[in-house]
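Asker: The structure that follows is given in the form of structure tokens.
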Amino acid sequence: MSWTRLSEPYRAFTTEAHLNTTPALPFVLRIWERDAAHPNGVWVNELNGITDPGYLNNNPCELRIIFAPLDLPQKANYEIFVRLFTNLAVPSTFVTERVKSVCHSFGSQRDPHGTCTWFHFLCKNISVTQSQNVPISHPNSAPPVAAGGRPEIRYHPEADTVMLELGNIPHPNPARAIPLPQADYSYLRSGFFLRVSPKGDITLVCFGTTEGVWNRFNELFRLPDRSWVDDVKAEPHILFDIILDGLFMDVDQNVWNVNKTFGPLEHDMLSTAFARRRLSTGAAAFVGLHNFAKHVFHLGEALHSCISVSDAILAHIKTSDAAPREQQQSTDDPSLNRTGSSDSDVTLTSQPHEARRRQLRECILLRQSLFRSTQLRLNSLEKRVGNAITLSFNLLTQQDSLLMIRDSNSMKVIAGITVLFLPTAVVASIVGSQMFTSSPTDAGGWSVAMTLFPVMWYVAIPLTVLVLLGAWILQQSGTRDHHGGEKKGQFTLVRKQTFTSIVRAFTERTRTG
10 MSWTRLSEPY RAFTTEAHLN TTPALPFVLR IWERDAAHPN GVWVNELNGI TDPGYLNNNP
70 CELRIIFAPL DLPQKANYEI FVRLFTNLAV PSTFVTERVK SVCHSFGSQR DPHGTCTWFH
130 FLCKNISVTQ SQNVPISHPN SAPPVAAGGR PEIRYHPEAD TVMLELGNIP HPNPARAIPL
190 PQADYSYLRS GFFLRVSPKG DITLVCFGTT EGVWNRFNEL FRLPDRSWVD DVKAEPHILF
250 DIILDGLFMD VDQNVWNVNK TFGPLEHDML STAFARRRLS TGAAAFVGLH NFAKHVFHLG
310 EALHSCISVS DAILAHIKTS DAAPREQQQS TDDPSLNRTG SSDSDVTLTS QPHEARRRQL
370 RECILLRQSL FRSTQLRLNS LEKRVGNAIT LSFNLLTQQD SLLMIRDSNS MKVIAGITVL
430 FLPTAVVASI VGSQMFTSSP TDAGGWSVAM TLFPVMWYVA IPLTVLVLLG AWILQQSGTR
490 DHHGGEKKGQ FTLVRKQTFT SIVRAFTERT RTG
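Anchor point for the sequence shown: position 494 equals 503 in our numbering, and the numbering is continuous, going up by one each time.
Below is the structure:
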């Protein structure tokens, strides 16, 4: 029983659906059920599925697993989803969590319809393609090394459209937007709702079933041994263990996909740094690395959510009171309902349940350890992405510094010309007033004499040679001091001597000498 129940249980879902006019997928329920007429289980209308939620109330059975479309609030089919929620007595909290797109939730409550337990799953969807748009299907498949065959993250434009309609992306027209490098906005979203009626009938609904969960249940249905059905009837939370097993495959696959697409980019950046090549696509590299960092953060949220869900399931199993229900079922069994049953009979009937519960706890702990293993791999990948971003920034900064050094060559030429003619200009300015002398001649003209002009060159030329020689000696001395401790072949960036640094070095040596 919930104290937060509403007079209109699905009002938030209905309100959000009227704001979302995107096209909806056809509503089809894929139902597998097991009852007395079908002890091995059967798919209901296997080819076409079920489109009427009323089938669930009209045909009760002891175990039913339903694969339903993702319960997105959309105007096209919200009414049929509300009917499904009503038939299953889904709490309004479960529906509100979908409206809010929660990344982690786990809830359980009792009501007149029995007990229900649920949780939601949200994970970044990372699929990999080659430049030829060929998907990579297995995490251990090696990407081709041919030109143009680099793996990259598949861009899903339809995800942008859905996000725009939901108001989560501010871009006014994502169809015209240029896809960013390594960008994708699609997610894996699922909801799992488990209902146990007072009679013990079990119904599991998987909204938006992921590929891993779907494959895991199909493998379970194909098993010739149906003993797992009895285990599920005794402990319904075993179904959550199967779901966690499938979700692990989905999350782990996404982490491997990020690792496969990031590896070649990281190798190219390291090769660029080692060969001292120019990083020609600096802006694109930064954008792609930033998107990789976002993918890693989102996958980290999904892993943390799965670990939290497994903790919540363990806590719920510990505090649940499924043992009285098991004992009640054993009492109804004619083979055990006999006269003179002692305490040993109760012990015999409770032992299988305790064994199942112990095995379930061990399985949940195993799933949790697998999620933590993937989380460790993701943590190392996060550090690699951070190192790549730092390396890319340092490479671009170094290239900008080299560019500034090359652009300063013109200033060096101007400074060299100034140094070359500076002594001559100084001498000419000193003797310039007496450089030429004029006197009248007897013929009425003027006689011009350049008595100091040869003297100027006698002084300026040796002085210019002396200044250039001193500058060259200082430059050679500074270069030897800078390269004295370096090994041959080591990559360094040498700061070239300028006229200002030469004067500064000469001043310091004069002061200390």
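We put the beta carbon where it would ideally sit given N, CA and C, even for glycine.
Given the structure is predicted, the values throughout are model-derived calculations rather than measurements.
Using the Cα positions of T95 and F128, report the straight-line distance between them to the nearest angstrom.
Answerer: As a position in the sequence shown, residue 95 is number 86, starting the count at 1. As a position in the sequence shown, residue 128 is number 119, starting the count at 1. Approximately 18 angstroms between the Cα atoms of the pair.
Asker: Can you tell me which of L274, A284 and L256 puts its alpha carbon nearest to the alpha carbon of R393?
Answerer: By 1-based counting over the sequence shown, the position of residue 393 is 384. Minimum Cα distance to R393 is reached at L274.
Asker: With a CB to CB cut of under 7 angstroms and the five nearest residues on each side skipped, what residues in its chain are close to F90?
Answerer: Within the sequence shown, numbered from 1, the residue matching residue 90 stands at position 81. Counting only residues of its own chain and dropping the five nearest sequence neighbours on each side, F90 has a CB closer than 7 angstroms to the CB of D80.
Asker: Using alpha carbons as the reference points, say which of V111, N29 and H27 lies closest to V318.
Answerer: As a first step, residue 318 must be located in the sequence shown, where it is residue number 309. The residue with the shortest Cα to Cα distance from V318 is V111.
Asker: Is it right to say K109 is buried, meaning 16 or more other beta carbons lie within 10 angstroms of its own, or is it exposed?
Answerer: The residue you call residue 109 lines up with position 100 of the sequence shown. Its Cβ having fewer than 16 others within 10 Å, K109 is exposed.
Asker: Would you check if the region 190 to 207 and the region 215 to 224 touch, i.e. whether three or more CB-CB distances between them fall below 8 angstroms?
Answerer: yes
Asker: For T219, which three-state DSSP category applies?
Answerer: Stepping through the sequence shown from its first residue, residue 219 is reached at position 210. It is coil, neither helix nor strand.
Asker: Just how far apart, CA to CA, sit E17 and A26?
Answerer: By 1-based counting over the sequence shown, the position of residue 17 is 8. By 1-based counting over the sequence shown, the position of residue 26 is 17. Computed Cα separation, rounded: 15 angstroms.
Asker: Could you confirm whether any beta carbon from chain D is found closer than 8 angstroms to the beta carbon of F130?
Answerer: No chain D is present in this structure, which holds just one protein chain.
Asker: What span of residues does the alpha helix (DSSP H) with D261 cover, start to end?
Answerer: Counting from 1 along the sequence shown, the entry for residue 261 is found at position 252. Where D261 is concerned, the enclosing alpha helix (DSSP H) stretches over I247 to A284.
Asker: Run the CB neighbour count on P32, radius 10 Å, all protein chains shown included, and call it buried at 16 or more, exposed below.
Answerer: Here residue 32 refers to the residue found at position 23 when the sequence shown is read from its first residue. By the neighbour-count definition (other C-beta atoms within 10 Å, threshold 16), P32 is an exposed residue.
Asker: Which residue or residues does DSSP assign as beta-bridge partners of I59?
Answerer: Taking the first residue of the sequence shown as 1, we reach residue 59 at position 50. L38.
Asker: Are the Cβ atoms of F271 and L375 separated by less than 8 angstroms?
Answerer: The residue you call residue 271 lines up with position 262 of the sequence shown. The residue you call residue 375 lines up with position 366 of the sequence shown. No, they are not a contact pair.
Asker: Three-state secondary structure (DSSP) at G123?
Answerer: As a position in the sequence shown, residue 123 is number 114, starting the count at 1. DSSP places G123 in strand when its eight states are reduced to three.
Asker: If you run the structure through DSSP and keep just helix, strand and coil, what is P144?
Answerer: Within the sequence shown, residue 144 is the residue found at index 135, counting from 1. With a pLDDT of 41 at P144, under the threshold of 50, the predicted position of this residue should be treated as unreliable, though the coordinate-derived value follows. If DSSP states are grouped into helix, strand and coil, P144 belongs with the strands.
Asker: According to DSSP, simplified to helix, strand and coil, what is S401?
Answerer: As a first step, residue 401 is located in the sequence shown; it is residue number 392 there, counting from the start. S401: helix per DSSP, three-state reduction.
Asker: Going by CA-CA distance only, name the one from L323, V238 and F202 that's closest to A45.
Answerer: Your numbering for residue 45 matches position 36 in the sequence shown. The candidate whose alpha carbon is nearest that of A45 is V238.
Asker: Would N227 pass as a contact of I135 if the rule is Cβ separation under 8 angstroms?
Answerer: Along the sequence shown, read from residue 1 onward, the residue named residue 227 stands at position 218. Along the sequence shown, read from residue 1 onward, the residue named residue 135 stands at position 126. No, the pair does not count as a contact, with Cβ atoms beyond the cut-off.
Asker: Using beta-carbon positions only, say whether F36 and P82 come within less than 8 angstroms of one another.
Answerer: The residue labelled residue 36 in the question sits at position 27 within the sequence shown. The residue labelled residue 82 in the question sits at position 73 within the sequence shown. The Cβ atoms of F36 and P82 do not sit closer than 8 angstroms to each other.
Asker: May I ask you to check if the CB of L411 is nearer than 7 angstroms to at least one heavy atom of the ligand SAM?
Answerer: As far as ligands go, the structure on display features none, and thus does not contain the ligand SAM.
Asker: Comparing alpha-carbon positions, which option in V104, F306, D277 and F230 lies nearest V267?
Answerer: Reading the sequence shown from its first residue, position 258 is the one you call residue 267. With distances taken between Cα atoms, V267 lies closest to F306.
Asker: Exposed or buried, what is I252 when buried is set at 16 or more other beta-carbons lying within 10 Å of its beta-carbon?
Answerer: Residue mapping note: residue 252 aligns to position 243 of the sequence shown, counting from 1. Buried.
Asker: Whose C-alpha, out of A302, Q118 and D277, is nearest the C-alpha of T102?
Answerer: Against the sequence shown, residue 102 aligns to sequence position 93. Among A302, Q118 and D277, the Cα nearest to that of T102 is on Q118.
Asker: With a 10 Å radius around its C-beta and 16 neighbouring C-beta atoms as the bar for buried, classify P449 as buried or exposed.
Answerer: One-based indexing of the sequence shown puts residue 449 at position 440. Exposed is the call here.
Asker: What did DSSP end up calling C132 once you bin it into helix, strand or coil?
Answerer: Residue 132 sits at position 123 when you count from the first residue of the sequence shown. DSSP places C132 in strand when its eight states are reduced to three.
Asker: Just to confirm the assignment, what range does the alpha helix (DSSP H) spanning L28 have?
Answerer: As a position in the sequence shown, residue 28 is number 19, starting the count at 1. R20 to L28 is the extent of the alpha helix (DSSP H) around L28.
Asker: Inspect the beta-carbon positions of F249 and L379 and report whether they are closer than 8 angstroms.
Answerer: The residue given as residue 249 occupies position 240 in the sequence shown. The residue given as residue 379 occupies position 370 in the sequence shown. Result no, Cβ atoms of F249 and L379 do not sit closer than 8 angstroms.
Asker: So, are the CB atoms of K242 and G221 less than 8 angstroms apart?
Answerer: By 1-based counting over the sequence shown, the position of residue 242 is 233. By 1-based counting over the sequence shown, the position of residue 221 is 212. No.
Asker: Tell me which residues share the same chain as T30 and place their Cβ nearer than 6 angstroms to its Cβ, disregarding the 5 neighbours each side in the sequence.
Answerer: Counting from one through the sequence shown, the residue named residue 30 turns up at place 21. Here the set comprises K84.
Asker: What residues in its chain sit with their C-beta under 7 angstroms from that of G58, if we drop five residues either side in the sequence?
Answerer: As a working note, residue 58 is residue 49 in the sequence shown. The residues are V37, L38 and R39.
Asker: To which residues of the same chain is A311 closer than 6 angstroms at the C-beta, ignoring the five residues directly before and after it?
Answerer: For this step, residue 311 is matched to residue 302 along the sequence shown. Excluding residues within five positions, the ones whose Cβ falls inside 6 angstroms are C132 and V260.
Asker: State the DSSP-derived secondary structure class of L191, mapped to helix, strand or coil.
Answerer: Position 182 of the sequence shown, counting from 1, holds the residue named residue 191. Per the sequence shown, residue 191 should be read as Gln rather than Leu. Residue state, collapsed to three classes: coil.
Asker: Could you pull out every residue in the same chain whose Cβ sits closer than 7 angstroms to the Cβ of Y87, ignoring the five residues on either side in sequence?
Answerer: As a position in the sequence shown, residue 87 is number 78, starting the count at 1. So the qualifying residues of the chain are F22, T23 and A26.
Asker: In or out: F301 buried (at least 16 other Cβ within 10 Å) or exposed?
Answerer: The residue you call residue 301 lines up with position 292 of the sequence shown. Taking all protein chains shown into account, F301 has 16 or more neighbouring C-beta atoms within 10 Å of its C-beta and is therefore buried.
Asker: Using three-state DSSP, classify L299 as helix, strand or coil.
Answerer: Numbered from 1 along the sequence shown, position 290 holds the residue referred to as residue 299. The sequence given here has His at residue 299, not Leu. In the structure shown, H299 sits in a helix (DSSP, three-state: H, G or I).
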